[in-house]
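Notes to accompany the following structure.
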Amino acid sequence: SQKIEQNSEALNIQEGKTATLTCNYTNYSPAYLQWYRQDPGRGPVFLLLIRENEKEKRKERLKVTFDTTLKQSLFHITASQPADSATYLCALPVHGGSQGNLIFGKGTKLSVKP
Amino acid sequence: EAGVVQSPRYKIIEKKQPVAFWCNPISGHNTLYWYLQNLGQGPELLIRYENEEAVDDSQLPKDRFSAERLKGVDSTLKIQPAELGDSAVYLCASSLTPQLPLHFGNGTRLTVT
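Those protein sequence lines, which keep their order, are chains F and P. Sequential numbering of the first sequence, starting at 1, is according to the working numbering. Sequential numbering of the second sequence, starting at 115, is according to the working numbering.
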């Protein structure tokens with residue numbers, strides 16, 4: 001079955017820098033991949049969805065890339081702010097394509113220092 | 115629009131006791147999910163409903179867990195009896211269709227002592 005690896009449990013950066021988070025999957029190519037933000041004591045909040053035929057997607061200071069050859073998605077936050085501190089989760093369909101339920105990575109905890 | 119509402123927010127029970135969690139999804143969302151999240155881990159699916167039908171409950175420990183979604187709206191997740199290892203956050207989510215992004219509630223944090 002599909003496995004997701006978010007290879008940094010924690011990432012600490014200085015305010016104003018670009019944060020880059022990585023999500024790797026191991027097996028089936030998903031039709032899409034999603035990124036969520038989770039604050040302590042809260043449920044995850046959807047941020048961006050990128051489809052397999054899209055190389056890049058942007059939303060304000062957020063940018064997501066999707067490389068099906070590398071089986072990897074990168075999530076970038078430019079001009080980071082302390083308010084961006086949270087855990088970021090990637091998610092994709094468990095059976096590849098668009099089939100099956102979403103499975104989530106463990107998340108990367110981002111801390112942006114002033 | 116109102117978000118996904120879960121109650122209670124916190125629950126502390128002794129092992130072997132029963133416990134129930136309630137979820138009210140976003141109006142019009144046919145797909146409802148229950149996820150379990152342990153500390154430092156991502157959410158793990160327990161069960162998915164399409165309207166009132168449980169279409170995927172393969173990860174639900176059926177010896178002690180049960181769920182229902184009467185009338186295809188609200189849902190209840192029950193554990194009986196609870197074990198120490200059930201301590202976790204139980205998240206409910208909903209979406210218009212299974213392929214669309216999920217909207218999560220803020221979860222119920224269960225502590226079993």
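Ideal Cβ placement from N, Cα and C applies to all residues, glycine included.
Contact under 8 Å by Cβ, residue i with residue j
i	j	result
F/Q6	F/N27	no
P/V286	P/A181	Look at the range of chain P in this structure, 115 to 227, and you will see that residue 286 of chain P is not part of it.
F/E9	F/K109	yes
P/P139	P/L150	no
P/Q120	P/T222	yes
P/D136	P/D188	The question names Asp, yet the displayed sequence has Trp at residue 136 of chain P. In contact: P/W136 and P/D188 (Cβ atoms closer than 8 Å).
F/C23	F/I4	yes
F/L47	F/K57	no
P/N220	F/G41	yes
F/K17	F/S111	no
F/T87	F/Q34	no
F/G43	P/F179	no
P/E166	P/K192	no
F/K71	F/Y25	yes
Euclidean distance between Cα positions of residue i and residue j
i	j	result
F/H76	P/E158	25 Å
F/F66	P/P132	44 Å
P/E197	P/K129	5 Å
P/D171	P/P122	23 Å
F/D84	F/C90	16 Å
P/L224	P/Q155	16 Å
F/E52	P/L205	28 Å
P/D177	P/D200	13 Å
F/P145	F/V45	Since the displayed chain F opens at 1 and closes at 114, residue 145 of chain F lies outside it and no answer follows.
F/T20	F/L74	7 Å
P/T190	F/P114	43 Å
P/S141	F/R61	30 Å
P/A202	P/Y124	10 Å
F/I103	P/L210	18 Å
F/T69	F/Y32	14 Å
P/A288	P/R183	Any question about residue 288 of chain P goes unanswered here, given that chain P covers just 115 to 227.
F/L11	P/I161	32 Å
F/K63	P/I127	43 Å
P/P195	P/N144	30 Å
F/E54	F/G107	23 Å
Residue burial classification, residue i (beta-carbon count within 10 angstroms, cutoff 16)
i	result
F/P93	buried
P/L174	buried
F/N101	buried
P/V169	exposed
P/L216	buried
F/P82	exposed
Any non-hydrogen atom of the ligand MG closer than 7 Å to residue i Cβ
i	result
F/I103	The model depicted lacks the ligand MG and carries no ligand whatsoever.
Subject >> Where the segment 144-171 of chain P meets chain F: residues whose CB sits under 9 Å from a CB there >> reply: Y147, Y149, Q151, G154, Q155, G156, P157, E158, L159, R162, D170
Subject >> Runs of beta strand (DSSP E) lying entirely within the segment 135-166 of chain P, each at least 3 residues, in chain order >> reply: 145-151, 158-164
**OP:** Tell me the start and end of each unbroken beta strand (DSSP E) in the segment 13-63 of chain F that is at least 3 residues and wholly inside, in chain order.
**Re:** 19-25, 32-38, 45-51, 56-59
Original post:
According to a CB-to-CB cut-off of less than 7 Å, which residues of the segment 70-94 of chain F neighbour chain P?
Top reply: L89
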